Amino acid sequence: MKFYFAKNLALISGIIVPSGDQLLFIVAEVIIFLLIISLLLVIAILIIRLFNHLGDKRKTDFLSHWEKRFYDYIGSPTDPNKLLSDVKTSEYKYLLMVIRDLFSLLDGKDLDSLKKIINETSIYNYLLKDLKSKSTRRVIRAAYFFGAANNQNVKAILFGHLYSNKTDVFIYCARALARINALEYASAILHASRFQKEISTDILISILLEFKSDVCQYLLERLKFEDDYSKGISIQIFRFHGFREAANDVLEIFQSSTNKKLLVECIKYAGTVECIDAIPHL
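Given below as structure tokens:
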């Protein structure tokens, strides 16, 4: 069939002038080919919808059976391993959907009970495999949960993903390190961001702002070793946290630098923290 199709392409391209019957045959063959492709696409779509429907049904069945026990557990001293005693590994993804929805809503003891599910049960090993995998989807899922659960055991693995050529992997792993407040990796995030062409300054700042305010002191100690771009980002972090302790260093940069963007950040910082000593120089 490939031979005939190639021959017909040659006829169409003008290498051989087709007769009327040959032209009709070519048109018919092309139509049949397009119909077959269309049929295959329809079948593929139906299969995908069927799998999605079955997945939604399994999720609904799981939640209807398990939801009450889960909400009874939240905030209680119950061992999270008992909670998961009869939850199948294949159902973990549904459990994680529920946990993800609640991470941003709960605090105090309720939030701590969610973190225990991630950090103290077989869910930990399940997500650890995800974090070590080559799948972007699995890595970013694991990075999100470990960051939200403040898991200190996976910092080195998260760091290993910072130089990934996949932007989403960098963002999720860097944000997880920030949420864990892994200060020792703050400079690494700044450095690795330079290799991410699709990372904007705003996204990078939003990641660094996930750190606690003590990141300012760490960045200040590293300030003189950084290039102008990283200095500008650090000064913005100082400004957002109102970190007055950086005033002298920022003033020194303002007096010695010729980088216009960096000078603007120095001016914004001085205005935000009301750096009186800087006013004459500005």
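Its first residue numbered 1376, the sequence shown is counted upward by one per residue in our numbering. For each residue, glycine too, the CB sits at the ideal point set by N, CA and C. Given the structure is predicted, the values throughout are model-derived calculations rather than measurements.
When secondary structure is reduced to three states using DSSP, D1461 falls in the coil class, being assigned neither helix nor strand.
Distance from the CA of S1508 to the CA of Q1527, rounded to the nearest whole angstrom, comes to 19 angstroms. In this chain, the alpha helix (DSSP H) harbouring K1490 covers 1483-1495. Taking C-beta atoms as the reference points, A1549 and A1531 fail to come closer than 9 angstroms.
No Cβ-Cβ contact shorter than 9 angstroms links E1620 with S1562. Rounded to whole angstroms, the Cβ separation of Y1448 and S1488 is 6 angstroms, and the two are in contact under 8 angstroms.
The alpha-carbon of D1543 is positioned some 11 angstroms away from that of Y1519. For Q1571, there is no enclosing alpha helix (DSSP H), since its DSSP letter is neither H nor E. Note that the stretch 1509-1516 does not touch the stretch 1552-1561; fewer than 3 beta-carbon pairs, one per stretch, sit closer than 8 angstroms.
Counting other Cβ atoms within 10 Å of its Cβ, R1516 reaches 16 or more and is therefore classed as buried. The shortest CA-to-CA distance from G1483 to any of A1524, M1472, Y1467, L1502 is the one to A1524. Counting along the chain, the unbroken alpha helix (DSSP H) around H1616 starts and ends at 1603-1616. At the C-beta level, S1632 and D1603 come within 9 angstroms of one another.
L1458 and N1500 have their C-alpha atoms some 16 angstroms from each other. Of the residues assessed, N1456 falls on the exposed side of the cut-off, its CB having fewer than 16 other CB atoms within 10 angstroms. Between D1589 and A1551, the alpha-carbon positions lie close to 17 angstroms from each other.
Between S1539 and L1565, the alpha-carbon positions lie close to 14 angstroms from each other. Residue S1605 holds the alpha-carbon nearest to the alpha-carbon of K1636 among V1473, S1605, G1646. Per DSSP, Q1630 is one residue of the alpha helix (DSSP H) stretching across 1622-1631. With respect to the C-alpha of V1639, the residue from F1570, W1441, S1451, I1610 having the closest C-alpha is I1610. Secondary structure at G1522: helix, using DSSP grouped into helix, strand and coil.
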